[in-house]
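Residue numbers (UniProt numbering): 1 to 899.
Note that the Cβ used here is the ideal one computed from N, Cα and C, for glycine as well.
Everything below concerns the one structure shown next.
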């Protein structure tokens, strides 16, 4: 049974149209560009022979060429579109209906989309510009495949270099022989129509059922491609006839799916339905799998394409558009290139370079809008900004450094000597390059110049200076930095300072290291300094934020502290302590004359000739208006004097420039005398406690040392009727309370030897209570230094003898009467000298401290009495007015020999 239209018979002899890389199947409509020289004459003859209305009567044999097959690329494909050759295919049953002709006539007016119909009612869109015939290759009979398809000519139009034709496949043809080759091929063919479906053939019926099931699944997947609804509707309606016309359904589906040139030839060769349907089901199943995978990938990508990714793609497109329009700056560098150049310029160590490369690789894969992007970008910026290998050249000139230190600071000889030693050693070992900076710690009261001394050291060495204030630092992360897992993480103070200095060998001043917070839930900040301030470990210091080692061994660390009591022992062990005591009045006078006064004159807009202050005036300011170890308050008072003179100077200048005559013009006097000081600053704030006090029984002057320097304190003892109780007041600590108990026990035990009782068995406190008090009860007091002073106060009260007001004492003693050495001698002596003390009793083993530390002018003005036992103390304090009974001298000598 032949499936051709009765009005269009298939002749035995037909002209041939060879096609390369394309196969035309029955029921498929396709558009071709004809330009081959063996095919153009055929259509020229048809154009001359047939009228435009009779073109459908022209039958052409379309045969594939097996000369050079070109398989198509795999991948998803739109329905009715063959991407390998740019043509469009459509299924048809071989009969032309009026509806088909109407669609074809409508297509004449549309150059973009052609709607082709068939008697089965399918309407499928396809794009113009089908397969084109090559004009170069020469074909022979052997190049033409033996199976082809009879095609009806639907449209014929002239085009540049040939023709544009639209053909509709009708029925398969078998090539018997070539009748002619010029001017075009003609051949003897035999039509091979599809046989009618045998309902009794169970095998064929099973194949049709499989074809129908697979076809429906394929169409359901096509719906996800969002094809036009009319097209899908017509395709589904056509598939409903698969049981009647399975061959046409196979030919239609094979023209819509992605398949190779060879696979389509296999379908063309399969004239038997039992052979064609299994091959079609296999190819259709493969296409279904491809569509499913493509849809899954599309869904996954679409799900991940969130708002930020869309913004990223839009920004990339915007940048590309700006570049095309020429709006992008010519010198604008790529951000990644800029970061990479900065890292290369930083000359990173190998391990740091490895970490930077790893983070840079991660950064390239991220979107700029991502939060992680900014974290990595900031991290790389820090790596690029740190001075890994950049150093400043040291000025190792010892003489220049000595001059710089002497110009900036008066006195402090011990500190200057230590700095010069470091410079000398560094100069001698400069060629070795293994000099490690010392860890210095300046300990002293406020205002003695610890911070300014560190700045002078940096200036003398030609290094950059950076100050880190540690007061109130309670978090370990402020030293070591925060880990990058936290929001807003930053490096610690050490790395911040290195970035600011831009060199890896600055001078770091760790100010107020004794004020660092203790261990808490934020960690122990003082423990973080154990690595920073250890010359053997800080060459691999690792900040938590950077997480790579940095060499701190080239940094000169200088710490300052008011007291070492609050510094942990392990941290204190890593530092070289240099004590800076308070200044004497002579040193304060020199500092005020050479530094403070010229500085205040400049700051108030005057010149040195405008203000002249005598030495007596400066000394009166230091003694009467300040009572400190440093010079901060002295600088304030000097500034007040200069401001007062600035007002006088300004008024005098106004009188000179005023046009109104002044009855009694005041002439400006630049000189400031001691009398002028009291007029400017008011009455003296401090008086000499010692010289103003008259000697009183039971009152003794002691000497104390605290974090801000030394001072004097009075110990007052009184007795009242009672039962032998001891009362202590004045905010005394445990050590002082124990010293008071020891002193009272010793006096009670030696009352007979001192002459306080008439017999050895008499209790001096049998009917009396003793009260020991230290004034300034709001100030806590503690320490063992007041032991001998308490003994003298108790003896003074019981014996009714007085200790001279200008005599002070310090020292610890034991129950056996031995006097033990104490610390802070220089500070205590200077404070006593400042208070007007003229004689000091202290332990014999503190003689070396007086000789080495106390200034010579202070030693010349004070008489020092050294005692090895408490008997020596009593003899010097009471100036021989309290003596021991007979027999005690031998014991005293024995004690002296043991000392």
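Nearest-angstrom beta carbon gap, residue j and residue i [assumed within contact, 8 Å]
i	j	result
residue 470	residue 513	5 Å
residue 917	residue 255	Here the chain covers residues 1 to 899 and nothing more, so residue 917 does not appear.
residue 210	residue 14	In fact, because the Cβ distance is near 35 Å, the residues do not count as touching under 8 Å.
residue 757	residue 751	4 Å
residue 901	residue 624	Residue 901 lies beyond the range of the chain shown here (1 to 899); nothing can be said about it.
residue 604	residue 544	Between residue 544 and residue 604 the Cβ distance is about 48 Å, and since that is not below 8 Å, they are no contact.
Residue j beta carbon less than 8 Å from that of residue i
i	j	result
residue 515	residue 466	no
residue 869	residue 805	no
residue 352	residue 383	yes
residue 283	residue 259	yes
residue 803	residue 864	no
residue 461	residue 401	yes
residue 637	residue 621	yes
residue 468	residue 508	yes
residue 579	residue 444	yes
residue 203	residue 288	no
residue 173	residue 165	no
residue 571	residue 526	yes
residue 23	residue 143	no
residue 459	residue 537	no
residue 394	residue 345	no
Where the beta strand (DSSP E) through residue i begins and ends
i	result
residue 173	162-180
residue 839	839-843
residue 191	186-192
residue 727	726-729
residue 439	439-443
residue 147	147-159
residue 204	Where residue 204 is concerned, there is no enclosing beta strand (DSSP E), although the alpha helix (DSSP H) it sits in stretches over 202-223.
residue 866	863-867
residue 809	807-809
residue 466	465-469
residue 815	Residue 815 -> no beta strand (DSSP E), and no H or E assigned at all.
residue 572	Careful: residue 572 lies outside any beta strand (DSSP E), inside the alpha helix (DSSP H) at 569-573.
Unbroken alpha helix (DSSP H) run spanning residue i, endpoints
i	result
residue 417	413-428
residue 851	847-853
residue 480	477-480
residue 825	825-835
residue 587	585-591
residue 561	Run containing residue 561: none in the alpha helix (DSSP H); it sits in the beta strand (DSSP E), 556-561.
residue 680	674-681
residue 577	Note, residue 577: premise wrong, no alpha helix (DSSP H); beta strand (DSSP E) at 576-579.
Pick from the options that is closest to residue i, judged by C-alpha positions
i	options	result
residue 653	644, 642 and 666	666
residue 197	674, 424, 247 and 579	247
residue 813	545, 318, 843 and 482	843
residue 818	793, 788 and 830	788
residue 365	157, 251, 776 and 312	312
residue 586	602, 629, 571 and 606	629
residue 9	504, 170, 757 and 218	170
residue 378	488, 448 and 367	488
residue 782	752, 801 and 740	740
residue 714	479, 785 and 606	785
residue 679	717, 763, 617 and 776	617
residue 41	213, 645, 873 and 161	161
residue 610	825, 641, 234 and 349	641
residue 901	457, 199 and 549	A query on residue 901 cannot be resolved here, the shown segment of the chain reaching from 1 to 899 and no further.
residue 901	486, 492, 485 and 463	Residue 901 is absent from the structure shown; the chain starts at 1 and stops at 899.
residue 19	35, 12 and 11	35
residue 612	646, 634 and 581	646
Residue i: CB within 7 Å of a non-hydrogen atom of the ligand NAP
i	result
residue 513	For the ligand NAP, the structure offers nothing, since it holds no ligand at all.
field: Entirely enclosed alpha helix (DSSP H) segments - the region 619-666, minimum 4 residues
entry: The qualifying runs are 632-657.
task: Entirely within the region 484-516 and at least 3 residues each: give me those beta strand (DSSP E) ranges in chain order.
output: Fully enclosed beta strand (DSSP E) runs of 3 or longer: 507-511.
task: Quick one: which unbroken alpha helix (DSSP H) runs of 4-plus residues sit fully inside the region 739-788? Chain order, please.
output: Given a length threshold of 4 residues, each whole run of the alpha helix (DSSP H) inside the region 739-788 is given here in chain order: 751-754.
message: Restricting to runs no shorter than 3 residues, where is the beta strand (DSSP E) found entirely within the region 10-58?
response: Inside the region 10-58, DSSP marks whole beta strand (DSSP E) runs of 3 or more residues at positions 13-19 and 29-34, from first to last along the chain.
message: Report the start-end ranges of each alpha helix (DSSP H) in the region 226-276 that is 4 residues or longer and not cut off at the edges.
response: Whole alpha helix (DSSP H) segments, 4+ residues: 229-239, 246-256 and 261-269.
- prompt: What residue ranges within the region 525-552 form continuous alpha helix (DSSP H) runs of no fewer than 4 residues, ordered along the chain?
  reply: Considered as a whole, the region 525-552 harbours 525-532 as its complete alpha helix (DSSP H) runs of no fewer than 4 residues, in chain order.
message: Give the list of continuous alpha helix (DSSP H) stretches no shorter than 4 residues that lie fully inside the region 330-393.
response: Taking only runs of at least 4 residues, the alpha helix (DSSP H) segments lying wholly in the region 330-393 are 335-345, 350-364 and 371-385.
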